[in-house]
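Trainee: Residue numbers (full-length UniProt numbering): 1 to 550. Built from N, CA and C at the ideal position, the CB exists for glycine as well. No experiment lies behind these values; they were computed from the predicted model shown.
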Amino acid sequence: MKTERDEDAAQEERSPQEPDFYSPVSPDPQEPVSTYFEEKVPIPDDDGTKLFSFRKLWAFTGPGFLMSIAYLDPGNIESDLQSGAIAGFKLLWVLLVSTIIGLLLQRLAARLGVVTGMHLAEVCHRHYPMVPRIILWLMVELAIIGSDMQEVIGCAIALNLLSVGRIPLWAGVLITIIDTFVFLFLDKYGLRKLEAFFGFLITIMALSFGYEYVRVAPDQAAVLKGMFVPYCSGCGPAQLEQAVGIVGAVIMPHNIYLHSALVKSRDINRANKKEVKEANKYYFIESSIALFISFLINVFVVAVFAEAFYGKTNMEVVSTFTSCNETGSPHSKLFPANNETLEVDIYKGGVVLGCFFGPAALYIWAIGILAAGQSSTMTGTYSGQFVMEGFLNLRWSRFARVLLTRSIAIFPTLLVAVFEDVQHLTGMNDFLNVLQSMQLPFALIPILTFTSLTSLMNDFANGLVWKISGGLLILVVCAINMYFVVVDVTALNSTILYVFSALLSIAYLSFIIYLVWHCLIALGVSCLDCRGSVQYPPSVLVDEQPEFDS
């Protein structure tokens, strides 16, 4: 605890040009902000002279790693292995650039939560009218459902592989539901213990996929070349579509909402500008470390399948490893005896690893997928709760919130698992990535809008460089993901579906234009607000300026 003498000494050291207090954004007193976590992690004091403190970094460590799990979910893992099998090492640079873009977007999300004390869904609830707010909530919920389906299906497939087919998919889905409920209440034993559990799951993923990397031993020169040379020689439509798929899998809309909420778990005095600035710095460092680790794990997966399976055919698998195709084997029908290029997904990928490198490779792969699916399912539940509480201003009991958010995502997954077999289920991954790609503007546009508002962010609002670069960044990401959507829509080959898609596209683009209009006004293009209908009243959002000694 700081003594009165320490406070006086610190006051003397403050520069008159940078006062310690500034005007913080305060939640409405009639509408208390609810955070999922029931405790806040204290930040250790120091003398204020150090530029960097490992003790403080450790105190801020946690939210970034929970956020990074979305970069390691089964949808990402499947995108990685398909990238390696289809394009070899040539698209590793796309993975690197996507991760960097994701880091910059997560920085905006963390700053919003730290500076305002509200997460993105709560800010949307305050600023958008009711109808756009409900539409925005529904779009984000769709993204969460799509992501959750990938995660739960990934867990079910992992359990199926570990049990050699004895646990059917529907049973794997039910097991995932039950253990998710159990794990979600771990924070009752302390927030840091919960964060440590997530760290343990990330460690399992690193060890599992790291083992596969060491076992396969890919060409290190090819890995580095693919990572740092932004070129794809001999690439065609399949490789281009895979590159777009990497971007869509890495940058996920609900993760922006999640990260803006998780940073509220630290005890920060938002009336103290120095503490807010310090929190932003340490959260960015922690997020950089977390995403670097997730990037390495993704590289492990891409490199394994690029080295072992790039250019391979079904016949090579059948002729070289007859044990994988023998009668009575649960995998006997996976690899037809033809010369078509080998197609892999999470399920087939594990089987093929077992065929090429022994049963240990298959089981270790399944353990890694189980850790990825379980951890991302839990963070997906957190996302669902934050989004629902924020957009709808719900004040339900904790169990009711968990039950509702789990049910919304689980029931579609369970229906799919009952009516599909494991060999066809992972083919849904492309569709689900498209679904999430379509929802991406509904996170990126609001986060740029609100972090650019001086009335909301005060001294921490985006500067001109960030406004321009952020706008261009979001434009590029949305354009890439929309290309991904167009490619899949054009493959429908049905006039009725084309017409239906056209009508949906008109409604979809109209809503995006509405959000962009709000965003441009927030960025300073005030001439677009001819009637003055877009207002962010400071009397509602900003406290009075506290007095301080100059």
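Of the choices 312, 351, 459, whose alpha-carbon is the least far from that of residue 338?
Mentor: Nearest of 312, 351, 459 to residue 338, Cα basis: 312.
Trainee: Residue 288 lies in the alpha helix (DSSP H); which residues open and close that run?
Mentor: 273-309 is the extent of the alpha helix (DSSP H) around residue 288.
Trainee: For the alpha helix (DSSP H) containing residue 449, name the first residue and the last one.
Mentor: Per DSSP, residue 449 belongs to the alpha helix (DSSP H) from 441-451.
Trainee: Out of 315, 87, 358, which has the shortest C-alpha to C-alpha gap to residue 216?
Mentor: Among 315, 87, 358, the Cα nearest to that of residue 216 belongs to 358.
Trainee: For residue 164, which of helix, strand or coil comes out of DSSP?
Mentor: In this structure, residue 164 counts as coil in the three-state DSSP scheme.
Trainee: Kindly identify the DSSP beta-bridge partner or partners of residue 41.
Mentor: Answer is 266, bridged to residue 41.
Trainee: Report the partner residues of residue 61 according to the DSSP bridge assignment.
Mentor: BP columns for residue 61 are empty, so no partner.
Trainee: What distance in whole Å lies between the Cβ atoms of residue 40 and residue 266, which are believed to be in contact at a cut-off of 8 Å?
Mentor: Contact holds; Cβ gap of about 6 Å.
Trainee: Over what stretch of residues does the alpha helix (DSSP H) that includes residue 76 continue unbroken?
Mentor: Element bounds for residue 76: 74-87.
Trainee: Find the nearest neighbour of residue 521 within the set 297, 88, 450, 105, judged by alpha-carbon distance.
Mentor: The shortest C-alpha separation from residue 521 is found at 450.
Trainee: Any chance you could list the alpha helix (DSSP H) runs of at least 4 consecutive residues sitting entirely within the region 107-140, in chain order?
Mentor: For the region 107-140, whole alpha helix (DSSP H) runs of length 4 or above, ordered along the chain, are 120-127.
Trainee: In the DSSP assignment, the alpha helix (DSSP H) including residue 362 goes from what residue to what residue?
Mentor: Per DSSP, residue 362 belongs to the alpha helix (DSSP H) from 359-392.
Trainee: Among the candidates 262, 98, 278, whose CA atom is the shortest distance from the CA of residue 269?
Mentor: Checking every option, the nearest Cα to that of residue 269 belongs to 278.
Trainee: Taking all protein chains shown into account, do 16 or more other C-beta atoms lie within 10 angstroms of the C-beta of residue 236, making it buried, or fewer, making it exposed?
Mentor: Exposed: under 16 other Cβ atoms inside 10 Å.
Trainee: Leaving out five residues before and five after residue 107 in sequence, what residues of the same chain have Cβ atoms less than 6 Å from its Cβ?
Mentor: Same-chain partners within the cutoff: 284.
Trainee: Check the C-beta distance from residue 460 over to residue 276 and give it rounded, since I have them as a contact under 8 Å.
Mentor: Indeed, because the Cβ distance is near 7 Å, the residues count as touching under 8 Å.
Trainee: Where residue 503 and residue 496 are concerned, what is the direct C-alpha to C-alpha distance, given to the nearest angstrom?
Mentor: Going from the Cα of residue 503 to the Cα of residue 496 covers about 11 Å.
Trainee: Taking 8 Å as the threshold (C-beta atoms), are residue 408 and residue 153 in contact?
Mentor: No; because the gap between Cβ atoms is not below 8 Å, this pair is not in contact.
Trainee: Below 6 Å CB to CB, which residues in the same chain sit around residue 176 once its five sequence neighbours on both sides are set aside?
Mentor: The residues are 152, 155.
Trainee: Could you tell me which of 245, 163, 341 sits nearest to residue 98, measuring between CA atoms?
Mentor: Cα-wise, what sits closest to residue 98 is 245.
Trainee: Okay, do the region 54-74 and the region 373-386 touch, 3+ Cβ pairs below 8 Å being the bar?
Mentor: With the cut-off at 8 Å, the region 54-74 and the region 373-386 touch.
Trainee: Touching or not, the region 239-258 and the region 105-124, by the rule of three or more beta carbon pairs under 8 Å?
Mentor: Contact between the region 239-258 and the region 105-124 is present, because at least three Cβ pairs lie under 8 Å.
Trainee: I'd like the span of the alpha helix (DSSP H) that includes residue 252, first residue to last.
Mentor: Note, residue 252: premise wrong, no alpha helix (DSSP H); not H, not E.
Trainee: If we ignore side chains and look at the alpha-carbon of each, how far apart do residue 54 and residue 116 end up?
Mentor: Going from the Cα of residue 54 to the Cα of residue 116 covers about 25 Å.
Trainee: Would a C-beta distance cut-off of 8 Å place residue 489 and residue 501 closer than the cut-off?
Mentor: It is a contact, given that the beta carbons lie within the stated cut-off.
Trainee: Nearest by alpha-carbon distance to residue 314: which of 288, 462, 290, 341 is it?
Mentor: Residue 341 is the option with its Cα nearest to residue 314.
Trainee: Going by beta carbon distance, what residues of the same chain come within less than 7 Å of residue 205, once the five residues before and after it are set aside?
Mentor: Result list for residue 205: 72, 297, 368, 371, 372, in chain order.
Trainee: What is the rounded straight-line gap between the Cα of residue 90 and the Cα of residue 352?
Mentor: About 22 Å.
Trainee: Where do the N-terminal and C-terminal ends of the alpha helix (DSSP H) with residue 198 fall, by residue?
Mentor: Its alpha helix (DSSP H) spans residues 191-216.
Trainee: Less than 8 Å separating the beta-carbons of residue 86 and residue 220?
Mentor: Going by C-beta atoms, residue 86 is not nearer than 8 Å to residue 220.
Trainee: Who are the Cβ neighbours of residue 191 in its own chain at under 7 Å, not counting the five residues just before and after it?
Mentor: So the list reads 37, 39, 41, 265, once near-sequence residues are dropped.
Trainee: Got a sec? Which residues, its chain only, sit under 6 Å from residue 129 by beta carbon, not counting five neighbours each side?
Mentor: So no residue of the chain qualifies.
Trainee: I'd like to know whether the C-beta atoms of residue 101 and residue 477 end up nearer to each other than 8 Å.
Mentor: Yes. Within cutoff.
Trainee: Compute the distance between the beta-carbons of residue 82 and residue 465, then report whether it is under 8 Å.
Mentor: No. Outside cutoff.
Trainee: Using a Cβ-Cβ cutoff of less than 6 Å, which residues in the same chain neighbour residue 139 once the five nearest sequence positions on both sides are dropped?
Mentor: Result list for residue 139: 439, 442, in chain order.
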